[in-house]
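Student:
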Amino acid sequence: MNTRILSCILAVGALATAHAQNGEIALKATNRVTISIGGIPDNEVPQISKVYTISDNGTVNLLHIGEVRASGLKPSALQRTIEQTYIAREIYTRPTVTVTTDDSASTARMIYVVGGIKGNGTVPYSSSMTVLKAISAAGGFSPFAKPSKTKLIRNGVTTEINLKDISADPSRDIKLQPEDQIIVPD
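Listed below in structure tokens is the structure:
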């Protein structure tokens, strides 16, 4: 039983490490991104360089090339896609595109912490967010919490984690992703 739990923790940790290595999160519909472009005629820069909201169908609409799929791509992949599309259609020869995410409160991604926590609810996601940091931001454990039976739900997959072990060795703390759910039983 303990071997299975350890295997699950290591698997989640490996996924979190892979995610944290590049620090990027896949974009989704309704996210806001700032697209900046250089290497094109000055009079066209303001028509492209601005803030876009990814449409419900997962695209952004750009000058000369129309709809470009953004949902599911990381910002760096969207940059390459836009540059390559402008070059392939022979619109610009050397465009330089930068895509950044808008982290304003209205578009912030969240972590959900519930159960044996003093302040149940949502915690704004940051790229350095871990399970213990999220629980601390949510108010910490309630007096009746059972941290050894905590569950992390990511993309519909539930993993049981023992936060007592992680508290004893913080290097084992798990990096979180947006929309992760943490359930601390009480």
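Numbering (the working numbering), first residue to last: 14 to 199.
For every residue, glycine included, the Cβ atom is placed at its ideal position computed from N, Cα and C.
No experiment lies behind these values; they were computed from the predicted model shown.
(1) Just to confirm before moving on: does the CB-CB distance between GLN194 and TYR125 stay below 7 Å?
(2) For ARG102, which of GLY79, GLN92, THR113 has the nearest alpha-carbon?
(3) Can you round the beta-carbon distance between LEU176 and PRO160 to whole angstroms, since I take them to be within the 8 Å contact cut?
(4) Does SER49 come out as helix, strand or coil in the three-state DSSP assignment?
(5) With which residues is THR135 paired in a DSSP beta bridge?
(6) Going by Cα to Cα distance, which pick from ILE50, GLN190, THR171, ASP182 is closest to THR106?
(7) For LEU91 and ARG82, what's the separation of their Cα atoms in angstroms?
(8) Suppose the cutoff is 8 Å on Cβ atoms and the five residues either side in sequence are ignored; what does the same chain contact list for GLU96 look like?
(9) Work out the CA separation of ILE148 and PHE154 for me, nearest whole Å.
(10) Could you tell me the distance, in whole angstroms, from the CA atom of LYS70 to the CA atom of LEU145?
(11) Between which residues of its own chain and SER180 is the CB-CB distance below 8 Å, once the five residues before and five after are set aside?
(12) Tell me the rounded alpha-carbon separation between SER140 and ALA39.
(13) Can you name the residues that DSSP bridges to ILE79?
(14) Hey, how far is the Cα of GLY128 from the Cα of LEU165?
(15) Closest to LEU75 by CA distance: which of GLU57, LEU86, LYS87, GLY85 is it?
(16) Under 8 Å by Cβ, that's how I've got THR135 and ILE187 pegged, so tell me the actual separation to the nearest angstrom.
(17) Cα separation between THR98 and ALA150?
(18) If you count every other CB in all the chains shown that lies within 10 Å of the CB of ILE100, and 16 or more means buried, which is it?
(19) With 16 as the cutoff for other CB atoms within 10 Å, does ASN44 come out buried or exposed?
(20) Can the beta-carbon of VAL112 be found less than 7 Å from the beta-carbon of ILE48?
Tutor: Walking through what the data contain:
(1) Looking up residue 194 in the sequence shown gives position 181. Looking up residue 125 in the sequence shown gives position 112. Yes, they are a contact pair.
(2) One-based indexing of the sequence shown puts residue 102 at position 89. Comparing alpha carbon positions, the residue from GLY79, GLN92, THR113 closest to ARG102 is GLY79.
(3) In the sequence shown, the residue the question calls residue 176 occupies position 163. In the sequence shown, the residue the question calls residue 160 occupies position 147. Going by Cβ atoms, the distance from LEU176 to PRO160 rounds to 4 Å, so yes, they are a contact pair.
(4) Locating residue 49 in the sequence shown gives position 36, counting from the first residue. Here SER49 carries a strand assignment [DSSP, helix/strand/coil].
(5) Stepping through the sequence shown from its first residue, residue 135 is reached at position 122. By DSSP's assignment, THR135 forms a beta bridge with TYR125.
(6) The residue labelled residue 106 in the question sits at position 93 within the sequence shown. With distances taken between Cα atoms, THR106 lies closest to ILE50.
(7) Taking the sequence shown and counting its residues from 1, one reaches residue 91 at position 78. Taking the sequence shown and counting its residues from 1, one reaches residue 82 at position 69. Rounded to the nearest angstrom, the two C-alpha atoms are 8 Å apart.
(8) To locate residue 96, count along the sequence shown from 1; it is residue 83. So the list reads PRO108, THR109, VAL110, once near-sequence residues are dropped.
(9) Translated into the one-based positions of the sequence shown, residue 154 becomes position 141. Translated into the one-based positions of the sequence shown, residue 148 becomes position 135. Going from the Cα of PHE154 to the Cα of ILE148 covers about 7 Å.
(10) Start at 1 with the first residue of the sequence shown, and residue 70 comes out as number 57. Start at 1 with the first residue of the sequence shown, and residue 145 comes out as number 132. First, the residue type needs correcting, since residue 70 is Asn and not Lys in the sequence shown. Their Cα atoms are separated by approximately 35 Å.
(11) Stepping through the sequence shown from its first residue, residue 180 is reached at position 167. If we look at SER180 and ignore the five residues flanking it on each side, its Cβ neighbours are LEU145, PRO160.
(12) Position 127 of the sequence shown, counted from the first residue, corresponds to residue 140. Position 26 of the sequence shown, counted from the first residue, corresponds to residue 39. The alpha-carbon atoms of SER140 and ALA39 are separated by roughly 13 Å.
(13) By 1-based counting over the sequence shown, the position of residue 79 is 66. Here residue 79 is Gly; the residue named in the question, Ile, does not match the sequence. DSSP output for GLY79 lists LEU75 as bridge partner(s).
(14) Within the sequence shown, the letter at position 115 stands for residue 128. Within the sequence shown, the letter at position 152 stands for residue 165. Taking the straight line joining both Cα atoms gives about 12 Å.
(15) Taking the first residue of the sequence shown as 1, we reach residue 75 at position 62. For the residues GLU57, LEU86, LYS87, GLY85, the minimum Cα distance to LEU75 belongs to GLU57.
(16) Against the sequence shown, residue 135 aligns to sequence position 122. Against the sequence shown, residue 187 aligns to sequence position 174. Their Cβ separation, rounded to whole angstroms, is 18 Å, which puts THR135 and ILE187 out of contact at 8 Å.
(17) Working through the sequence shown from its first residue, we reach residue 98 at position 85. Working through the sequence shown from its first residue, we reach residue 150 at position 137. Whole-angstrom Cα-Cα distance: 42 Å.
(18) On the sequence shown, residue 100 is found 87 positions in, with the first residue counted as 1. ILE100 is exposed by the Cβ-count criterion.
(19) Counting from 1 along the sequence shown, the entry for residue 44 is found at position 31. Buried, because 16 or more other Cβ atoms sit within 10 Å of the Cβ of ASN44.
(20) Start at 1 with the first residue of the sequence shown, and residue 112 comes out as number 99. Start at 1 with the first residue of the sequence shown, and residue 48 comes out as number 35. For VAL112 and ILE48, yes; Cβs fall inside 7 Å.
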